[in-house]
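>
Number of protein chains: 2
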Amino acid sequence: MNACIINIGDEILIGQIINTNAAWMAQQLNLQGVNVTQTIVINDSPQAIIDAVEAAKKVANIILITGGLGPTKDDVTKHTLATYFNMKLEYHAPSFENIKILFKQYGREADERYHSQANMPVGATVLINKTGTASGMWFEQDDCIVVAMPGVPREVKYLMQYEVLPKLVERFERPTILHRTLLSTGKGETDLSDLLEQFEEELPPHIKLAYLPNTEKGMVRLRLSASGANANQLEAEIEKYKQQLQDTLGVYIFGIEEESLEEALGTLLKERGLTITTAESCTGGNIARKLTSIAGSSAYYPGSLVAYSNEVKNKHLGVQQTTLEQYGAVSEECVLEMVKGVQQLFKTNCAIAVSGIAGPDGGTSEKPVGTIWIAIANEAEVYTKKLQLGTDRLQNITRTTNIAMNLMRLMLLDALDSEI
Amino acid sequence: MNACIINIGDEILIGQIINTNAAWMAQQLNLQGVNVTQTIVINDSPQAIIDAVEAAKKVANIILITGGLGPTKDDVTKHTLATYFNMKLEYHAPSFENIKILFKQYGREADERYHSQANMPVGATVLINKTGTASGMWFEQDDCIVVAMPGVPREVKYLMQYEVLPKLVERFERPTILHRTLLSTGKGETDLSDLLEQFEEELPPHIKLAYLPNTEKGMVRLRLSASGANANQLEAEIEKYKQQLQDTLGVYIFGIEEESLEEALGTLLKERGLTITTAESCTGGNIARKLTSIAGSSAYYPGSLVAYSNEVKNKHLGVQQTTLEQYGAVSEECVLEMVKGVQQLFKTNCAIAVSGIAGPDGGTSEKPVGTIWIAIANEAEVYTKKLQLGTDRLQNITRTTNIAMNLMRLMLLDALDSEI
């Protein structure tokens, strides 16, 4: 089961849009045990399409094509493939029915001008696309499957999920494949693999562990994949190893599957009936934004302060003038007063305070760019941490945000000692 | 001048990382008048590399390869290409010199184990890579150019910009190509093209206008591209049309080239010696984050408040209890009091206040999800606007942020009437 992905579209080829379809499709195919040997991006030309299909046939028995199925002249995929497979186009009533339903949702009527969108190659399996007016097509010849889908990412996702992947699973006899993903933060890939050395050694050959780091989200996804004949047995087995992985890494695991760190922190606060606020200097509101990106965050988050200037730190958070003069705004002393100040100001149980030099300029030899102090507090204790990051402003803001949220999570779990 | 891009790497092929190199490279090549006919992603295997190069030769005379130049066993690009072009690998002193310099920056020493990284094919032009330890290679055979670069995006950018693109321009005689980009906001692509109908009609055939929308940033980039033999004349000509485009669109243009809306707003504030603050409910700190993402924003931004709960709106911003009860937090009355309150709290000249239902839940029949009120104020006036957006929480936050910043910009330019 080798697949080749062909993405058709000038806007990808000139770099106007980034080809996210290929990555998403490859991930989904991999999850089903299909190996992607190649992805090709070509323009909307019949010759390019035929050449790409011919080349793909040499390395794959599954060829997935996206793009070029729209109603305009540029869109030549359907005609090209029909000709290539020697099939006639004929009016396909269910496709037109689908177009009518979609138009109705927008209060419009689909007239005969849209009939040509519903003409489909006779002999191909038509894949009705509930998210768009262009149906997908499934061709099969000489043990090679060629599927054509529209290029809009939302439509690709729909057709892959509800039509193509189930059909592929049905078509090829293959073992059951199961996946479980645990999300870790606070440790890099190398540290994790040290901690997991024994766990990995003891994994049976049909269960694999993949490390998938995501710098932007400050986490490493740990994905267990198991394949075997007996679904029930496999299910029990992967659950066992998932639990073992969870036990080995303890608090470094903050969530599962598609969760985010801010979601995990929010859930913890909600469960414990606690509230949180923030006093942000160099992160400029980014922690607040993350916390409030979660629907329902008003249950634990009343509001917060961005304290950029020293005057605001002094006047609204009660940071003493002498602290600012003696230690500076980027100091342990300052964030300690900030965190206490904001906790009182918004009357919350928990608080996060941050002050640092995000860069790219503004550093001194004593406090270079990337020097950042974090303080976190609950009602019982306060914890501080100094970061020494790089010179990239946005990267510093992102990393500080993730680290601060994780410290807060660890404090709630009474696990700050795992920090050291 | 047709190019084919070949990206080598399993992590792209399995969808673990999105292929941003291809899009960036294609953009840069297009800007130099090089047409990209195809991009291919393959895995780290000699056969796949040779097959891809052979296939690329049929559609392009410039083949740009990224990836597979690292020091590990997986990295086979250099050996494969050397064999393909029948070249020996030999120790290349300038490449090792470069490795030593890079190691020194990290306080480390490059010993002989790194010699193999500096072995280069004899007969290829070596492209020294100041951003990484793997040098690039430029092969030329039968009027076809094959260039190999490492896969790290930063390194691709360096080598393309300082080595590959200048060499391509030198190698091929071609007309001068110039570009000018203006950034617009507040109008969609269709509205803009209506406004620019006459302008486009009057453009000479050697000057083209491209619309490049970016939903995330709430803008449409308008790129003028001119090609011709006489560089000086072309320069004068494209400047003239740029000015004409600017005059036609007036305040809808907020910046040029790589500027952002928050940067443009910051520049305006700085020029006028004004300060700004924000009182954010549903955007949860996102406007503050955007404003402070600009280095030097402390000159005009002292701090701000995220007022999520009604209590915070009342207690810290002075929104009256009767306002909250009678009109609700999502109302013109509320944002009017919020904007005045925050302006006084932080003693700034300007202020932005936002309150709305970001979703996906929490709407009523009277105020459905996506109902959002914005108020902006300077010392002389206050302006309000009601938005009716969709149900996607993050999209609503992003769009509201962009619209609010643009309203503030228009107020500073005394151009709020263009809003209607």
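Protein chains in written order, with numbering that gives the first Met the number 0: chain A, 0 to 419; chain B, 0 to 419.
Cβ coordinates follow ideal geometry from the N, Cα and C atoms, glycine included.
Since we're looking at a predicted model, the values are computed, not measured.
Out of A:I373, A:D360, A:N348 and A:S134, point me to the one whose CA is closest to M337 of chain A's CA.
Walking along the first sequence from the start, residue 337 of chain A turns up at place 338. The shortest Cα separation from M337 of chain A among A:I373, A:D360, A:N348 and A:S134 belongs to A:I373.
> Spatial neighbours of I252 of chain B within its chain, please: C-beta separation below 7 Å, excluding the five flanking residues on both sides.
Along the second sequence, one-based indexing puts residue 252 of chain B at 253. Here the set comprises L181, L182, S183 and Q245.
> With distances taken Cα to Cα, identify the nearest neighbour of S226 of chain A among A:P359, A:E215 and A:L208.
Start at 1 with the first residue of the first sequence, and residue 226 of chain A comes out as number 227. If we check each option's Cα against that of S226 of chain A, A:L208 comes out closest.
> By Cβ distance, which residues of its chain are closer than 7 Å to L158 of chain A, with the 5 residues on each side in sequence left out?
By 1-based counting over the first sequence, the position of residue 158 of chain A is 159. Contacts found: L126, N128, G135 and M148.
> Is DSSP giving N309 of chain B helix, strand or coil here?
As a position in the second sequence, residue 309 of chain B is number 310, starting the count at 1. Correct three-state label for N309 of chain B: helix.
> Checking contacts by CB at 8 Å: is Y300 of chain B closer than that to chain A?
Here residue 300 of chain B is taken as the residue at index 301 of the second sequence, counted from 1. Yes, because at least one Cβ of chain A sits closer than 8 Å to the Cβ of Y300 of chain B.
> Could you work out which residues of chain C lie near E310 of chain B, taking near to mean beta carbons separated by less than 8 Å?
Among the protein chains of the structure shown, namely A and B, there is no chain C.
> Kindly give me the distance between the Cβ atoms of G425 of chain A and N401 of chain A, rounded to whole angstroms, as I take these residues to be in contact under 8 Å.
Outside the modelled stretch of chain A, which goes from 0 to 419, sits residue 425 of chain A, for which no answer is possible.
> Expressed to the nearest angstrom, what Euclidean distance is found between the alpha-carbon atoms of L223 of chain B and G265 of chain A?
The residue you call residue 223 of chain B lines up with position 224 of the second sequence. The residue you call residue 265 of chain A lines up with position 266 of the first sequence. Cα-Cα distance, rounded: 47 Å.
> Determine, for P359 of chain B, whether the minimum Cβ-Cβ distance to residues of chain A falls below 8 Å.
Position 360 of the second sequence, counting from 1, holds the residue named residue 359 of chain B. For P359 of chain B, the closest Cβ of chain A is nearer than 8 Å.
> Using a Cβ cut-off of 7 Å, pull out every chain B residue sitting near I17 of chain A, in sequence order please.
Here residue 17 of chain A is taken as the residue at index 18 of the first sequence, counted from 1. Ordered by position in chain B, the residues that pass the 7 Å Cβ test against I17 of chain A are I17, T19 and A22.
> Excluding five sequence neighbours on each side, which residues of the same chain lie with their C-beta closer than 6 Å to the C-beta of K186 of chain B?
Taking the first residue of the second sequence as 1, we reach residue 186 of chain B at position 187. By the criterion of a C-beta distance shorter than 6 Å, K186 of chain B is surrounded in its chain by Y251, once the five residues flanking it on both sides are discounted.
> Using a threshold of 8 Å, state whether the C-beta atoms of R220 of chain A and N231 of chain A are closer than that.
By one-based count along the first sequence, residue 220 of chain A stands at place 221. By one-based count along the first sequence, residue 231 of chain A stands at place 232. Contact flag unset, no.
> Which partner residues does Y113 of chain A have in the DSSP bridge list?
Residue 113 of chain A sits at position 114 when you count from the first residue of the first sequence. None; Y113 of chain A has no bridge partner.
> Against chain A, which members of the region 210-223 of chain B pass a CB distance test of less than 7 Å?
Within the region 210-223 of chain B, the residues whose Cβ lies closer than 7 Å to some Cβ of chain A are L211, listed in chain order.
> Along chain B, in chain order, which residues have C-beta atoms closer than 9 Å to that of S330 of chain A?
Working through the first sequence from its first residue, we reach residue 330 of chain A at position 331. Result: empty, since nearest Cβ-Cβ is about 17 Å, beyond 9 Å.
> Given that N231 of chain B touches chain A, what residues does it touch there, using C-beta distances under 7 Å?
Against the second sequence, residue 231 of chain B aligns to sequence position 232. None at all; the shortest Cβ gap to chain A is about 28 Å.
> Mind pulling the chain A residues with CB within less than 8 Å of L12 of chain B?
The residue labelled residue 12 of chain B in the question sits at position 13 within the second sequence. Simply A25, V35, T36, Q37 and T38.
> Along the chain, where does the alpha helix (DSSP H) containing E201 of chain B start, and where does it finish?
In the second sequence, counting from the first residue as 1, residue 201 of chain B sits at position 202. E196 to E201 is the span of the alpha helix (DSSP H), which, as asked, contains E201 of chain B.
> Measuring straight from C-alpha to C-alpha, what distance separates A499 of chain A and L273 of chain B?
Missing from the structure shown is residue 499 of chain A; chain A here goes from 0 to 419 and no further.
> At what residues does the alpha helix (DSSP H) containing R398 of chain B begin and finish?
Your numbering for residue 398 of chain B matches position 399 in the second sequence. Going by DSSP, R398 of chain B is part of the alpha helix (DSSP H) stretching over R392 to L411.
> Cβ closer than 9 Å: which chain A residues qualify as neighbours of A294 of chain B?
If you number the second sequence from 1, residue 294 of chain B lands on position 295. By Cβ distance, chain A contributes A357, G358, P359, D360, G361 and R392.
> Under 8 Å, Cβ to Cβ, is there at least one residue of chain B near L304 of chain A?
Residue numbering aside, residue 304 of chain A sits at position 305 when the first sequence is read from its first letter. Chain B, which has a Cβ nearer than 8 Å to the Cβ of L304 of chain A, makes this yes.
> Using CA coordinates, which residue listed in B:M86, B:E111 and B:Y105 is at the minimum distance from F95 of chain B?
Counting from one through the second sequence, the residue named residue 95 of chain B turns up at place 96. Nearest option by C-alpha distance: B:E111.
> Pull up the CB-CB distance for M119 of chain B and H91 of chain B, whole angstroms please, since I reckon it's below 8 Å.
Within the second sequence, numbered from 1, the residue matching residue 119 of chain B stands at position 120. Within the second sequence, numbered from 1, the residue matching residue 91 of chain B stands at position 92. So it is a contact: roughly 4 Å between Cβ atoms.
> Can you give the beta carbon distance from I375 of chain B to M410 of chain B, rounded, assuming they're within the 8 Å contact cut?
Here residue 375 of chain B refers to the residue found at position 376 when the second sequence is read from its first residue. Here residue 410 of chain B refers to the residue found at position 411 when the second sequence is read from its first residue. Right, the Cβ-Cβ distance comes to about 6 Å (below 8 Å), so this counts as a contact.
> Would you call the region 311-318 of chain A in contact with the region 319-331 of chain B, where contact means no fewer than 3 C-beta pairs closer than 8 Å?
no
> Residues bridged to T383 of chain B by DSSP?
Here residue 383 of chain B is taken as the residue at index 384 of the second sequence, counted from 1. According to DSSP, which records beta bridges pairwise, T383 of chain B is partnered with B:A374.
> Who are the near neighbours of M86 of chain B in its chain, counting only those whose CB is closer than 6 Å to its CB and skipping five residues on each side?
The residue you call residue 86 of chain B lines up with position 87 of the second sequence. Only P120, V121 and G122 meet the Cβ criterion.
> Who are the near neighbours of V75 of chain B in its chain, counting only those whose CB is closer than 8 Å to its CB and skipping five residues on each side?
By one-based count along the second sequence, residue 75 of chain B stands at place 76. Excluding positions up to five away in sequence, the list reads D43, S44, P45, I48 and G67.
> Going residue by residue through the region 138-200 of chain A, where are the continuous alpha helix (DSSP H) segments of at least 4 residues, counting only ones entirely within it?
152-158, 164-170 and 188-194
> Could you tell me whether any Cβ in chain B is nearer than 8 Å to the Cβ of A54 of chain A?
Working through the first sequence from its first residue, we reach residue 54 of chain A at position 55. Cβ-Cβ to chain B under 8 Å: yes for A54 of chain A.
> Excluding the 5 residues flanking L412 of chain A on each side, which residues of the same chain have their C-beta closer than 7 Å to its C-beta?
On the first sequence, residue 412 of chain A is found 413 positions in, with the first residue counted as 1. V250, listed in sequence order.
> With burial defined as no fewer than 16 other Cβ atoms inside 10 Å of the residue's Cβ, what is the status of S364 of chain A: buried or exposed?
Translated into the one-based positions of the first sequence, residue 364 of chain A becomes position 365. Exposed is the call here.
> Excluding five sequence neighbours on each side, which residues of the same chain lie with their C-beta closer than 7 Å to the C-beta of T282 of chain B?
Here the question's residue 282 of chain B lines up with position 283 in the second sequence. Answer for T282 of chain B: V353, I396, T399 and T400, listed in chain order.
> Buried or exposed: which applies to Q15 of chain B, given that a residue is buried once 16 or more other Cβ atoms fall within 10 Å of its Cβ?
What you label residue 15 of chain B is simply residue 16 of the second sequence in a count that begins at 1. Result: buried.
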